[in-house]
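Novice:
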Amino acid sequence: MALLNVHVKEKIAFSVLFCVTLFVLTPVVVVLWIIFKNGLPALSWEFLTQMPTDGMRSGGIFPAILGTLYLVVGATLFSLPLGILAAIYLSEYARENLLTRLINLAIVNLSGVPSVVYGLFGFSLFVVFLKLGVSILAGSLTLAIMNLPVVITATRESLRAVPDYFREVSLSLGASRWQAVRHGVLPFALPGILTGTILSIARAAGETAPILFTVAAFYIPHLPKSVFDQTMALPYHLYIIATQIPNIPVSYRYGTALVLILMVLILNLSAIVIRSKFRKKYKW
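In this note's numbering, the protein residues as written are 746 to 1029.
1. Tell me which residues share the same chain as R1019 and place their Cβ nearer than 7 Å to its Cβ, disregarding the 5 neighbours each side in the sequence.
2. Quick check: the Cα distance between A899 and P991, rounded to an integer number of angstroms?
3. How far does the alpha helix (DSSP H) with R840 in it reach, from first residue to last?
4. Specify the secondary structure class of T976 as computed by DSSP and reduced to three states.
5. What are the residues that DSSP puts in a beta bridge with P797?
6. Using the C-alpha atoms, what's the distance from M977 back to L879?
7. Going by C-alpha distance, which of L979, F871 and L944 is nearest M801?
8. Got a sec, what are the start and stop residues for the alpha helix (DSSP H) S1021 sits in?
9. So what does A831 bridge to, in DSSP terms?
10. Helix, strand or coil: which one does DSSP assign to A920?
11. Quick check: what's the CA-CA separation for V818 versus N849?
12. Just to confirm my understanding: we take F1023, look at its own chain, exclude 5 residues before and 5 after, and list those with CB closer than 8 Å. What are they?
13. Tell me whether A899 sits in a helix, a strand or coil according to DSSP, three-state version.
14. Please look up how many angstroms separate the CB atoms of T821 and I946, rounded, as I've assumed it's under 8 Å.
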């Protein structure tokens, strides 16, 4: 009788969890369905490769796609090495004291700072103080700073998940501290590090507020020629055509949103594939 009650309670618990999961996923599925349904008619080769025309009411969104790729790549190039090195120091070298506790607290708090604050900070530091101007470089650096807490946290937790005997074996064989971390710890933490990278890529590609102050332009009739030029970007472009331009076809708006979603999806899938390869290579 007691065993039967346990099975009944288990079924009830699983049913409740399933209903909660369904409740959470349903709005996401509905939103994606609406975007795909209204955006697919706008997708074409011309839409993806041409410049905007007629006050951005027609033509393509190629400058916005290219600008978003520039910003994502730039933010990743700046945030990934710095974040990994900072996490290695905090996890493998720094002693537990008041300073490291304050640093860890600051990293956690920075993860919750609104993106518009990062935008104002990037504008004040990179655009005004360092005189980089409203440019791809300023926007990439701002997004990199915004992504640093995510990369540091994911890397640090991945390093801590590697068993201590991996380090002990390397040190017992005469390896230095860095060699033990480089060859005995870091390769096994790579899947978790790439998880943080995936999250940072998705955030960098979809943010509007930071690039609004540092790089994004309403419309540029030519492609950027250097990292000191402004550029269009999909999140800001979508905001403009959805709120500032009247009489624009609905399919054009949803098509832009669909391209942004597909771009983030492709970038995430690429990182997931790389992560799975490392996970198969370094099993423990």
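C-beta: ideal position from N, C-alpha, C; glycine also. Predicted model only: the values in this text are computed from it and were never measured.
Specialist: So, to answer that:
1. It is Ile, not Arg, that sits at residue 1019 in the sequence shown. Closer than 7 Å at the Cβ level, and outside the excluded window around I1019, lie L939.
2. 43 Å
3. Run containing R840: none; DSSP gives neither H nor E here.
4. strand
5. In the DSSP output, where bridge partners are listed per residue, P797 has G804.
6. The identity of residue 879 in the sequence shown is Val, whereas the question assumes Leu. Spanning the two alpha carbons is a distance of roughly 12 Å.
7. Between M801 and the set L979, F871 and L944, the nearest pair of CA atoms involves L979.
8. S1021 -> alpha helix (DSSP H) spans V995 to K1026.
9. Partner(s): none; A831 has no beta bridge.
10. Correct three-state label for A920: coil.
11. Approximately 27 Å, taken between the alpha carbons.
12. P932, L935, P936 and L939
13. helix
14. 6 Å
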